[in-house]
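The sequence shown: position 10 = 179 (the working numbering), numbered continuously. Where a beta carbon is used, it is the ideal one built from N, C-alpha and C, also for glycine.
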Amino acid sequence: DSVTSKAYEAEIVAGLATISTRELEQRVAGVTGIMPGYPRDDSVRFSYMGEIDALLKLRTAQAVYRVLAFPIPRPKALLGDQNFKLLAAAIAEIMAAHPPGTFHTLGIAAAGAQSGVMQRIKVSLAERAGLIPADDRGDLLIRIRPDTDRTGWECLLRISPRPLATRPWRVRDLEGALNATVARAMNMMTDASADDVYVNLGCGSGSLLIERLYRPRARIMLGVDHDQIALSACAANLQAAGSSRPRIDLVRGDVTRLSLPANFATVLTADLPFGQRVSSHPENERMYPLLLDEATRISVPGARFVLITHEIRLMERLLASRRDWRLDIELRITLRGLHPRIYRLVRADG
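Next up, the structure:
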């Protein structure tokens with residue numbers, strides 16, 4: 170119903186539109202008109218008439234925006250009475266969905282954000298909302314851009330004071346830590362079940378482990394890393410993630426020589442060294458085959474192994490020459506200007 174239904178846009182990691190769409194359909198009742206990869210490959214447009222609260226719980230979205238379309242020739246017309254009232258009302262609605270004092274500043278992201286007109290829009294809207302105009306993106310962020318067919322302008326209002334990808338559990342950050350929305354998407358690709366014996370190889374600061382703390386809870390969860398600093402960061406982040414979590418064992422060890430029994434794991438995940446920031450290509454050439462050997466040893470036939478890496482050629486070569494893992498799904502994503510791939514492998518019988 171176009172009268173009550175509102176347009177929204179989820180900003181996502183490019184390449185994850187299918188998974189983000191699945192999460193929208195599963196977690197938010199009343200979503201209609203989903204357009205994955207629209208207007209760009211890092212977004213999903215949809216209509217929704219319910220409370221904003223449900224959208225704040227999305228875990229594969231980097232951020233969610235309310236979209237207002239204005240058939241105007243240039244942004245200056247946003248200062249016109251009717252358009253300004255529409256914008257102010259949408260801002261008030263977003264602010265009302267959060268505890269008082271959640272938003273302090275209002276910022277604008279647009280081409281020419283420093284122009285006189287954009288500054289006037291920012292100051293006027295901030296004044297109306299009782300917020301401080303921000304020099305940066307601000308808590309209440311408004312993106313202003315031409316619409317796709319360039320016949321008007323769109324205003325996108327972020328519905329949260331920070332990106333949803335900025336997780337409250339991340340109290341200790343490590344360089345090269347996996348983006349939390351990607352970690353959640355990878356866990357969704359494991360087809361989580363309550364019987365899972367879940368092993369995260371090279372757990373780092375805990376993104377994959379923590380983003381698996383949703384129902385159905387895994388029966389056993391284990392994180393392994395050789396680096397004590399990473400394990401300490403992981404433990405701190407796990408603690409910040411909340412006390413309702415099941416016990417998660419963190420083990421210091423070499424992921425190519427684990428002290429785990431054979432046929433133990435039903436699900437494996439790994440954020441493998443990209444060879445850019447962490448590790449090096451020759452080291453990966455040596456380590457990847459050994460890691461796959463060990464993954465085979467500790468897993469049951471039919472186990473799912475979801476991993477992310479930038480070493481595309483190396484992975485292709487290894488998978489082509491091996492019979493113990495079958496490639497089931499391969500996704501190319503865009504992350505921090507790089508194009509890693511997510512692989513879902515299934516352990517062969519025998």
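Tell me the rounded alpha-carbon separation between residue i and residue j.
i, j, result
"Leu343", "Ile417", "20 angstroms"
"Ser171", "Phe239", "Any reading at Ser171 needs caution, since the residue's pLDDT is 47, under 50, leaving its predicted position unreliable; the model's value is listed next. Roughly 15 angstroms between the two C-alpha positions."
"Gln251", "Ala258", "11 angstroms"
"Gly506", "Ala439", "20 angstroms"
"Gly206", "Gly199", "20 angstroms"
"Leu464", "Thr229", "Here residue 464 is Ala; the residue named in the question, Leu, does not match the sequence. Looking at the two C-alpha atoms, the distance is approximately 27 angstroms."
"Cys372", "Arg297", "46 angstroms"
"Arg191", "Arg235", "20 angstroms"
"Phe253", "Leu247", "6 angstroms"
"Pro458", "Val424", "11 angstroms"
"Leu427", "Ala223", "41 angstroms"
"Val292", "Leu255", "16 angstroms"
"Phe474", "Arg510", "14 angstroms"
"Arg486", "Ser449", "17 angstroms"
Going by DSSP, which residues form a beta bridge with residue i?
i, result
"Gly270", "Bridge partners of Gly270: none, in fact."
"Leu496", "Leu514"
"Tyr143", "Given that the chain is displayed from residue 170 to residue 519, the structure contains no residue 143 and the question cannot be resolved."
"Trp322", "Phe239, Pro315"
"Ile277", "Ile311"
"Gly392", "Asn369, Leu419"
"Arg327", "Tyr234"
"Arg501", "Arg510"
"Ile118", "For residue 118 there is no data in the structure shown, the boundaries of the chain being 170 and 519."
Taking residue i and residue j to be in contact with their CB atoms under 8 angstroms, please state how far apart those CB atoms are, rounded to whole angstroms.
i, j, result
"Leu429", "Ile467", "5 angstroms"
"Ala472", "Ala434", "6 angstroms"
"Val286", "Pro244", "6 angstroms"
"Leu193", "Val213", "7 angstroms"
"Cys403", "Gly422", "With a Cβ gap of about 13 angstroms, Cys403 and Gly422 do not count as contacting."
Which residues in the same chain have their Cβ closer than 8 angstroms to the Cβ of residue i, if we skip the five residues on either side of it in sequence?
i, result
"Pro315", "Gly321, Trp322, Glu323"
Here's a check: name, in chain order, each residue in its chain whose Cβ is nearer than 7 angstroms to the Cβ of residue i, leaving out the five neighbours to either side.
i, result
"Asn453", "Pro442, Gly444, Glu480, Leu483"
"Ala354", "Leu185, Ile188, Thr229"
Closer than 7 angstroms, CB to CB, is residue i near chain B or not?
i, result
"Leu476", "Among the protein chains of the structure shown there is no chain B, as only one such chain exists."
Grab me the residues of residue i's own chain with a C-beta within less than 6 angstroms of its C-beta, minus the 5 sequence neighbours each way, in chain order.
i, result
"Ala232", "Glu180, Arg327, Pro332, Leu333"
**Prompt:** Does the stretch 498-512 come close enough to the stretch 179-195 to have 3 or more Cβ pairs within less than 8 angstroms?
**Reply:** yes
**Message:** So, does the stretch 382-398 touch the stretch 353-372, judging by three or more C-beta pairs under 8 angstroms?
**Reply:** yes
**Prompt:** Does the stretch 373-387 come close enough to the stretch 342-361 that 3 or more CB-CB pairs lie under 8 angstroms?
**Reply:** yes
**Request:** Would you check if the stretch 271-286 and the stretch 302-312 touch, i.e. whether three or more CB-CB distances between them fall below 8 angstroms?
**Result:** yes
**Message:** For the structure I just gave you, are there three or more beta carbon pairs, one from the stretch 324-332 and one from the stretch 263-273, closer than 8 angstroms?
**Reply:** yes
**Request:** Decide yes or no for the touch test of the stretch 205-225 against the stretch 289-303: beta carbon pairs closer than 8 angstroms, at least 3 of them.
**Result:** no
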